[in-house]
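A.B. asks:
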Amino acid sequence: MIDRKEIIEIVEGYDTDNIKIGAVASHSALDVFDGAVEEDFRTLAISQAGRQDTYTKYFKAQRDPSGKVIRGIVDEDVVYGKFNEILLPENQKKLVDENVLFIPNRSLTSYCSIDNVENDFAVPLVGSRNMLRSEERGMERDYYWILEKAGLPFPERIDSPEDIDELVMVKLPHAVKKLERGFFTAATYKEYLEKSQALLSQGVITAEALENARIERYIIGPVFNFDMFYSPIETEMSKLEILGIDWRFETSLDGHVRLPAPQQMTLAEHQLTPEYTVCGHNSATLRESLLEEVFRLSEKYVEASKKYYDPGVIGPFCLQTCIDKDLNFHIYDVAPRVGGGTNVHMSVGHPYGNTLWRKPMSTGRRVAFEIRRAIESGKLDQIVT
Ligand SMILES: Nc1ncnc2c1ncn2[C@@H]1O[C@H](COP(=O)(O)OP(=O)(O)O)[C@@H](O)[C@H]1O
Ligand SMILES: [Mg+2]
Numbered sequence: 004m005i006d007r008k009e010i011i012e013i014v015e016g017y018d019t020d021n022i023k024i025g026a027v028a029s030h031s032a033l034d035v036f037d038g039a040v041e042e043d044f045r046t047l048a049i050s051q052a053g054r055q056d057t058y059t060k061y062f063k064a065q066r067d068p069s070g071k072v073i074r075g076i077v078d079e080d081v082v083y084g085k086f087n088e089i090l091l092p093e094n095q096k097k098l099v100d101e102n103v104l105f106i107p108n109r110s111l112t113s114y115c116s117i118d119n120v121e122n123d124f125a126v127p128l129v130g131s132r133n134m135l136r137s138e139e140r141g142m143e144r145d146y147y148w149i150l151e152k153a154g155l156p157f158p159e160r161i162d163s164p165e166d167i168d169e170l171v172m173v174k175l176p177h178a179v180k181k182l183e184r185g186f187f188t189a190a191t192y193k194e195y196l197e198k199s200q201a202l203l204s205q206g207v208i209t210a211e212a213l214e215n216a217r218i219e220r221y222i223i224g225p226v227f228n229f230d231m232f233y234s235p236i237e238t239e240m241s242k243l244e245i246l247g248i249d250w251r252f253e254t255s256l257d258g259h260v261r262l263p264a265p266q267q268m269t270l271a272e273h274q275l276t277p278e279y280t281v282c283g284h285n286s287a288t289l290r291e292s293l294l295e296e297v298f299r300l301s302e303k304y305v306e307a308s309k310k311y312y313d314p315g316v317i318g319p320f321c322l323q324t325c326i327d328k329d330l331n332f333h334i335y336d337v338a339p340r341v342g343g344g345t346n347v348h349m350s351v352g353h354p355y356g357n358t359l360w361r362k363p364m365s366t367g368r369r370v371a372f373e374i375r376r377a378i379e380s381g382k383l384d385q386i387v388t
């Protein structure tokens, strides 16, 4: 792990009048850049050849002579053959020379590997570098481990497929679609065997991934992903905030649920098991009496993160939950960084974030606002790792 002191030294050398906000141009980068522009920062997108146009062309920023943005959000871009070229020492140096504060998203860790981000990417991250690994399911101290330490509710793990006695979710990666899910559900051991055999023979999952899959109780209820924010530099008011709530469109699951049951029954074998590939986001609010519990769960998560992952959560994080029929929350995933669904409130702001801050406050803007506040109060060292 890159020593935090090393990063703080780099930031101490930054020209704080000319900070740029950088991110891997994918995942939630539009939200991040939009927020950065709102808070008067310049933005830098790191793109990969073949998937850069959204950033370098369609959302390119245009500024008037005074520097005011009149269109778009991406001031500068770098297009590499592969995202991970950002790790090359000369490319890292360019970022540091340009006073770039980097906002980690899931694409950074997916395309550059967590090992590299932890050990080699010596560019200041706004957020907690050492927590990024916790979202790798199956790692020794993954998010389930933190949830357990914190006494937070998560779906019960089923140790062996033979023990399946009611509906479960089997979580494993997709064999072909790199970075996507090969999840499936089963209510009995027999169904587990049938489905896994079918998915194996269709090449959707591999035997090795199946062997290492996490099997957990399926929570029957709606999904609420809580886009939270923790500010280490806040001194007067609550350090914890809820900004917004999103949920995801997933293919092919969302297509299945739009079919009547008799039609589902006549689908071809290769269409029978839905996939869970996120392809869009939607916004939600929560019944008001349940908000208190979200704060309670989030406070506990933050507390545990400080205890076991010093310095703990910095900035945005996302608790992904299902709510059961008795209104209990079950946390099935935690993103210790900007969530994947925050574009849903890009520019217009999250409902709760707006309510709190009395102006449009998306996750991207909240991150940039935190950087702005940290610069103004001389506390940048407290939000970088
Ligand atoms: N225990 C569970 N019960 C019901 N649905 C679940 C459960 N775990 C995950 N899901 C569903 O699976 C999807 C993704 O799960 P998640 O654990 O977040 O995977 P990933 O780590 O790939 O993001 C979500 O749509 C969520 O609703
Ligand atoms: Mg998830």
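Just so you know, we're using this note's numbering here: the sequence shown kicks off at 4 and counts up by one. Using N, Cα and C, we set each Cβ at its ideal position, and we do this for glycine too. Since the structure is predicted, the reported quantities are computational estimates derived from the model, not experimental observations.
Give the range of the beta strand (DSSP E) segment to which R376 is assigned.
C.D. replies: To locate residue 376, count along the sequence shown from 1; it is residue 373. R376 -> not in any beta strand (DSSP E); alpha helix (DSSP H) instead, spanning T366 to E379.
A.B. asks: Rounded C-beta distance between C321 and F229? I'm assuming under 8 Å.
C.D. replies: Translated into the one-based positions of the sequence shown, residue 321 becomes position 318. Translated into the one-based positions of the sequence shown, residue 229 becomes position 226. 6 Å between Cβ atoms; contact.
A.B. asks: Using three-state DSSP, classify M231 as helix, strand or coil.
C.D. replies: Along the sequence shown, read from residue 1 onward, the residue named residue 231 stands at position 228. Residue state, collapsed to three classes: strand.
A.B. asks: Is Q51 helix, strand or coil by DSSP?
C.D. replies: To locate residue 51, count along the sequence shown from 1; it is residue 48. Strand.
A.B. asks: Go through its chain and collect everything with a Cβ distance to R375's Cβ below 7 Å, but skip five positions before and after it.
C.D. replies: By one-based count along the sequence shown, residue 375 stands at place 372. Only E42 meet the Cβ criterion.
A.B. asks: If we count the other Cβ atoms within 10 Å of its Cβ and call it buried at 16 or more, is N108 buried or exposed?
C.D. replies: Within the sequence shown, numbered from 1, the residue matching residue 108 stands at position 105. The residue in question, N108, is buried, as its Cβ has 16 or more Cβ neighbours within 10 Å.
A.B. asks: Sort Y335, F298 and D100 by Cα distance to D18 and report the nearest one.
C.D. replies: Numbered from 1 along the sequence shown, position 15 holds the residue referred to as residue 18. Of the candidates Y335, F298 and D100, the one whose C-alpha sits nearest the C-alpha of D18 is D100.
A.B. asks: I need the straight-line Cα distance from S292 to F298, nearest angstrom please.
C.D. replies: Here residue 292 is taken as the residue at index 289 of the sequence shown, counted from 1. Here residue 298 is taken as the residue at index 295 of the sequence shown, counted from 1. Going by the C-alpha atoms only, they are around 11 Å apart.
A.B. asks: By a C-beta neighbour count over all protein chains shown, 10 Å radius and 16 as the cutoff for buried, is P277 buried or exposed?
C.D. replies: Sequence index remark: in the sequence shown, residue 277 carries index 274 (1-based). That one is buried.
A.B. asks: For T283 and H348, which I take to be in contact (beta-carbon distance under 8 Å), what is that distance rounded to the nearest angstrom?
C.D. replies: Looking up residue 283 in the sequence shown gives position 280. Looking up residue 348 in the sequence shown gives position 345. According to the sequence provided, residue 283 is Gly. The question's Thr does not apply to it. With a Cβ gap of about 14 Å, G283 and H348 do not count as contacting.
A.B. asks: When you compare each of Q95, D168 and E272 to N122 by their alpha carbons, which one comes out closest?
C.D. replies: In the sequence shown, counting from the first residue as 1, residue 122 sits at position 119. The option with the nearest alpha carbon to N122 is Q95.
A.B. asks: Assuming D100 is part of the beta strand (DSSP E), what are its boundary residues?
C.D. replies: The residue given as residue 100 occupies position 97 in the sequence shown. No beta strand (DSSP E) holds D100; the alpha helix (DSSP H) holding it covers P92 to D100.
A.B. asks: Residues in the same chain with beta-carbon distance under 7 Å from L359, minus the five sequence neighbours each way, listed in chain order, please.
C.D. replies: In the sequence shown, counting from the first residue as 1, residue 359 sits at position 356. Closer than 7 Å at the Cβ level, and outside the excluded window around L359, lie E244.
A.B. asks: Can you tell me the Cα-Cα spacing of I386 and Y195, whole angstroms?
C.D. replies: Here residue 386 refers to the residue found at position 383 of the sequence shown. Here residue 195 refers to the residue found at position 192 of the sequence shown. C-alpha separation (whole angstroms): 45 Å.
A.B. asks: Enumerate in chain order the residues of its own chain whose CB-to-CB distance from S350 is below 6 Å, with the five nearest sequence positions on each side excluded.
C.D. replies: Here residue 350 refers to the residue found at position 347 of the sequence shown. Same-chain partners within the cutoff: D37.
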